[in-house]
Amino acid sequence: MLITGANGGVGRAVVQAYARAGASHIGLGVRRDVSDLVGAVKAAAAQGGHPEPTVTVLLIDLEDRASITTAAEQLEREWGRLDILISNAGFLPPFVPLLEGNEAEYWYAWEINIRGTYWIAKAFLPLLLRCGGDKTFVAISSLGAHILTPGASSYQTTKFAIVRFVEFLMADYGDQGLLAYSMHPASMLTELAKNIPSNMHHLLNDTPDMVGDTFAFLGSKKRDWLAGRFVAVCWDMPELMAREKEIVEKDALKFRMVM
């Protein structure tokens, strides 16, 4: 498995959970070398009673298309396959009303969250589709995609677009075995999340273990019925699994206009 933004709060939780669960190959998409994270991943595998995984650091800068291409080439050369890809790196600008906000910050969220996700998919999907494995692509969205928070038009519209983006991936590549879905990753007070208004910080109470373990649980087997859907880590997973038939019959957990 490979996750971008591996050195952030969510990324660290996810890679350590995958290691505890026994993942044999873990790719860390980061902007700089992170030897401490490599050690933490290997320690997590030992904690779970598993052999030390192959941990590969990929230097990925979502502002630099060439770095993404180079990382994809490195992964294909060293691993020759990829089963699970989590596009997690993103940007959350401060919540400011449109006319008062910084134009560069507003569009930077689109460049990182949308163009960055597109570039990651463009570079790594060929390997994901070719290797005959789980072929799973998870794009990080947010519960913010479903609400209107004053001042959050940049961030929340990018996360809305990501939900739709995975539906298009399924339309384009579902017949090749791709499974793509979007996730709300966490409500944790990460460094990035500190950009939201302080009066909302009390809502950010998810724990790293809960976040990481939910990702690892969903990735433990290929769940084709999640195709094109939105999932949140804070949901009760046994209940979600129990409602599979209902969700599929209603084609639920997707954006639709209902009258």
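Read left to right, the sequence shown gives residues 1 to 259 (full-length UniProt numbering).
By construction, the Cβ of each residue, glycine as well, lies at the ideal position given by its N, Cα and C atoms.
Since the structure is predicted, the reported quantities are computational estimates derived from the model, not experimental observations.
Using only alpha-carbon positions, find the residue among 13, 6, 3 that is nearest to residue 209. Position 209 of the sequence shown, counted from the start, is the residue given in the question as residue 209. Comparing Cα-Cα distances from residue 209 to each of 13, 6, 3, the minimum goes to 13.
Buried or exposed: where does residue 258 fall if 16 or more other Cβ atoms within 10 Å of its Cβ makes it buried? What you label residue 258 is simply residue 258 of the sequence shown in a count that begins at 1. Exposed.
Leaving aside the five residues before and after residue 155 along the sequence, list all residues of the same chain whose C-beta is less than 7 Å from its C-beta, in chain order. Taking the first residue of the sequence shown as position 1, residue 155 is located at position 155. Excluding residues within five positions, the ones whose Cβ falls inside 7 Å are 92, 93, 109, 144.
I'd like to know if the region 26 to 33 and the region 222 to 233 are in contact, where contact means that at least 3 CB-CB pairs between them fall below 8 Å. no
Take residue 313 and list the residues in its own chain whose beta-carbon comes closer than 6 Å to its own, dropping the five residues that flank it on each side. In the structure as shown, the chain begins at 1 and stops at 259. Residue 313 is therefore absent and cannot be evaluated.
Report the three-state DSSP secondary structure of residue 233 (helix, strand or coil). One-based indexing of the sequence shown puts residue 233 at position 233. Note: residue 233 maps to coil in three-state DSSP.
Residue 62 and residue 119 - do their beta-carbons sit closer together than 8 Å? Working through the sequence shown from its first residue, we reach residue 119 at position 119. Working through the sequence shown from its first residue, we reach residue 62 at position 62. Yes, they are a contact pair.
Taking buried to mean at least 16 other C-beta atoms within 10 Å of its own C-beta, is residue 175 buried or exposed? For the purposes of this step, residue 175 is taken as residue 175 along the sequence shown, with counting starting at 1. When all chains shown are included, residue 175 counts as exposed.
Length of the line joining the Cα atoms of residue 74 and residue 90: In the sequence shown, residue 74 corresponds to position 74, counting from 1. In the sequence shown, residue 90 corresponds to position 90, counting from 1. The straight-line gap from Cα to Cα measures roughly 22 Å.
Near residue 117, which residues of its chain fall below 7 Å by C-beta distance, leaving aside the five closest residues on each side in sequence? Counting from one through the sequence shown, the residue named residue 117 turns up at place 117. Result list for residue 117: 87, 139, 162, 165, in chain order.
How is the beta strand (DSSP E) around residue 56 delimited, first residue to last? For the purposes of this step, residue 56 is identified with residue 56 of the sequence shown, where counting begins at 1. Annotation: the continuous beta strand (DSSP E) that includes residue 56 extends over 54 to 59.
Quick one: what does DSSP say residue 183 is sitting in, helix, strand or coil? What you label residue 183 is simply residue 183 of the sequence shown in a count that begins at 1. In the structure shown, residue 183 sits in a strand (DSSP, three-state: E or B).
Collapsed DSSP secondary structure at residue 138 in the structure displayed: The residue you call residue 138 lines up with position 138 of the sequence shown. Residue state, collapsed to three classes: strand.
From residue 203 to residue 2, what distance separates their C-alpha atoms? Within the sequence shown, residue 203 is the residue found at index 203, counting from 1. Within the sequence shown, residue 2 is the residue found at index 2, counting from 1. In this structure, the straight-line span from the alpha carbon of residue 203 to that of residue 2 is close to 29 Å.
Does residue 188 come out as helix, strand or coil in the three-state DSSP assignment? Taking the sequence shown and counting its residues from 1, one reaches residue 188 at position 188. Of the three classes helix, strand and coil, the one that applies to residue 188 here is strand, per DSSP.
When you compare the CB positions of residue 131 and residue 82, do they come within less than 8 Å of one another, or not? On the sequence shown, position 131 is the one that residue 131 refers to. On the sequence shown, position 82 is the one that residue 82 refers to. Yes, these two residues count as a Cβ contact at 8 Å.
Between 187, 69, 219, which has its C-alpha nearest residue 205's C-alpha? Here residue 205 refers to the residue found at position 205 of the sequence shown. Nearest of 187, 69, 219 to residue 205, Cα basis: 187.
Per DSSP, the bridge partner or partners of residue 146: As a first step, residue 146 must be located in the sequence shown, where it is residue number 146. DSSP, once it has assigned bridges, lists no residue as partnering residue 146.
When the Cα of residue 249 is compared with those of 149, 26, 226, which residue comes out closest? Sequence index remark: in the sequence shown, residue 249 carries index 249 (1-based). Measuring from the Cα of residue 249, the nearest candidate turns out to be 226.
Pick out whichever of 17, 240, 97, 10 has its Cα sitting closest to the Cα of residue 50. As a working mapping, residue 50 is identified with position 50 in the sequence shown. That would be 17, whose Cα lies nearest to the Cα of residue 50.
Since I believe residue 41 is in contact with residue 53 (beta carbons under 8 Å), could you give me their beta-carbon distance rounded to a whole number of angstroms? For the purposes of this step, residue 53 is taken as the residue at position 53 of the sequence shown. For the purposes of this step, residue 41 is taken as the residue at position 41 of the sequence shown. Confirmed, about 7 Å.
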